[in-house]
Amino acid sequence: MKDQETSLQAVKALASVVTERVVLLTANRSAHVRVHYVNPAVVESGWVDTCIARRLEREDLLLQEVFSGCASASLLAVLPHALAQGRIHWLWSLQAGEPAVPARLVCISRGEGERGLVLLAAQPHPFGSWLDSRRGRMLRSILDQIEDAVAVARPCGQLAYVNQAFLRMYRLQNSDLSGLTLQDLHTAHRAEVEAVLAQLRAGVPVPPLVRRRQRADGEWFDVSISLSVLRNEAGEVTGVLGISRDVTEQQRMQQRLRESEDNYRRLVERSPVGMVVHRSGHIAYLNAAARQLLGASSAEQVMGMPIASLFDPADQARARERTQRIEQGEELPPAQYTLYRLDGAVADVEMNSLRVTLDGQTAVLSVLRDITNEKRAQQALQEWAFYDPLTHLPNRRLFQQTLEQAIANARAGGPSFALFFADCDRFKQINDAWGHDVGDQVLCELARRIRGAVQPEAVVARIAGDEFLVLVPGVQSGPAAAAVMRSIEEACNQPLRVQDVWLDAPVSVGVAFYPEDGGDVQALLRRADQRMYQKKRARWLPPEW
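Structure representation (structure tokens):
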């Protein structure tokens, strides 16, 4: 008993100095969970009230006495799995409005029908709020419609999101994903997965991979994997995006082509994957799938054409050089090109090539894969990160980067600029009286009017609610800034019609000059905000205020 008390004191001493949130608790067979200790990080985060923490210094409390109803329910839901498996579990609602929190329940001692547990919880991760947001749900709906398997994982390998194609590819159920990591998914290749993740975390690009993997039911298959990293506004790696495709049939066909040149034409012609054979850079053969991908009605339309001529002019020199190197015996990773189809359409393709022998002469066999949907998925992720989905203007993150670049350019001798802060004076009343749908339409119309009221080189962003920022280069004086403010206010102060209702949604505008009003982003934002509120108060509040 004394040894157990000593161990408990050691755990408490360590927990009191770490930034992770630590909770010591016990669970018995009757499902009663008692909390013995919470560290300062738990109290500072708001998970547990200060008064409750003081009570825990004197006595143990039931889980329901320490945490809110939804928080205790969330913990109780994962306890059975944690006791059985010890995996990481994502707790979604330990505090209202907080994003998902990665937490591990670790068994530290065992008694008669009772287990001692440590709840270790890191800081909230941005993927949590994204997955449950309206934009996240819309993006998931889009990704669930594409044929390629899409997965988003945290830098450590913890899966944060997979689409339906991924579940089908690995023959998994949603219930299998709790705490699942890429390392667990590819147990037989754990070392390779760890090495690739380390490379991505270091910011080193990983070329497209073709690997042999195992499904949940034990079946082996070949998969083509394209990996890229997701970064936050500070440039830090916050996740890994993987797009995969089952290429088992492709791999089998390529192997047969190497083994039996006599049979390759029949096999290739029946392949659902586009295949082109080219000699000295000119097309000598293509199968039906390739004809369809190229938009050709017959093989004769493209026979003898330089294969590089089908690509964007900016890609053609690179494509020719790559073909020459493969003809000389080099093995190169897949390359991506913009394809100009013969029917006028444009597609993004990935080309994987190898040297073969055709009629006794050296040639190149290229497998063309349409990756247009992958590109769109990546673009959707990029737009989610940097653009406001309602007005399609840059969001706070992108505008801050733009403002930082403008400051850097001005310090290097470039033009100075003015920053304008615009806020709708009656937006709350409009929302309360007419509802959020009308409010959203008002914001879209205000965004359109502000964009039209300033010069083309100005940058307009919506940063929150009814708040807009405008960066105008070259404006250095009060008269020039006054002209811009008048233009914005006159455009926005005109009545607007929404759902057959005429509304007034006037705006107030404040301005800050670089470098007179501040030399960094926060100083300029603060000064423009202050001047906007000064104007709003002067316009709407009675004199005695």
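Start counting the sequence shown at 1; every next residue gets the next number (the working numbering). By construction, the Cβ of each residue, glycine as well, lies at the ideal position given by its N, Cα and C atoms. Everything numeric in this text was worked out from a predicted model, so none of it was measured.
Within the stretch 162 to 222, the complete beta strand (DSSP E) segments at least 3 residues long are 209 to 214, listed from N- to C-terminus. As for any beta strand (DSSP E) of minimum length 3 sitting wholly inside the stretch 31 to 73, the runs are 33 to 38, ordered along the chain. If you compare the alpha carbons of 179, 356, 317 and 507 with that of residue 255, the shortest gap goes to 356. In the same chain as residue 216, and ignoring 5 residues on each side of it, the C-beta atoms closer than 8 Å to its own belong to 170, 171, 172 and 176, in chain order.
Here residue 505 carries a coil assignment [DSSP, helix/strand/coil].
Taking a C-beta distance under 9 Å as the contact criterion, residue 499 and residue 434 qualify as a contact pair.
In the DSSP assignment, the residues bridged to residue 311 are 339.
Inclusion of residue 62 and residue 52 in the CB contact set at 9 Å is not warranted, their separation being larger than that value.
Residue 445 has its alpha-carbon roughly 16 Å from the corresponding atom of residue 508.
Boundaries for residue 298: no beta strand (DSSP E) harbours it, and the DSSP string shows neither H nor E there. According to DSSP, residue pairing for residue 447 in a beta bridge does not occur. Spanning the alpha carbons of residue 342 and residue 285 requires a straight line of approximately 17 Å. With a 10 Å radius around the Cβ and a threshold of 16 neighbouring Cβ atoms, residue 301 comes out exposed.
Note that the C-beta distance between residue 273 and residue 303 is not below 9 Å. Per DSSP, the unbroken alpha helix (DSSP H) holding residue 402 starts and ends at 396 to 411. Counting of Cβ neighbours within 10 angstroms places residue 232 among the exposed residues, the total staying below 16. For the 9 Å CB-CB criterion, residue 394 and residue 459 form a contact.
Boundaries for residue 484: no beta strand (DSSP E) harbours it, while the alpha helix (DSSP H) harbouring it runs 478 to 492, taken from the DSSP string. 326 is the residue among 223, 326, 38 and 503 whose C-alpha sits nearest the C-alpha of residue 281.
No Cβ-Cβ contact shorter than 9 Å links residue 380 with residue 512. Under the 10 Å beta carbon count, residue 323 is surrounded by 16 or more other beta carbons and is classified as buried. Of the candidates 451, 354, 308 and 239, the residue whose Cα lies closest to the Cα of residue 158 is 239. Residue 247 and residue 230 have their C-alpha atoms some 25 Å from each other.
Residue 24 carries a strand assignment under DSSP once its states are collapsed to helix, strand and coil. Under the criterion of beta carbons closer than 8 Å, residue 399 and residue 463 qualify as touching, at roughly 6 Å.
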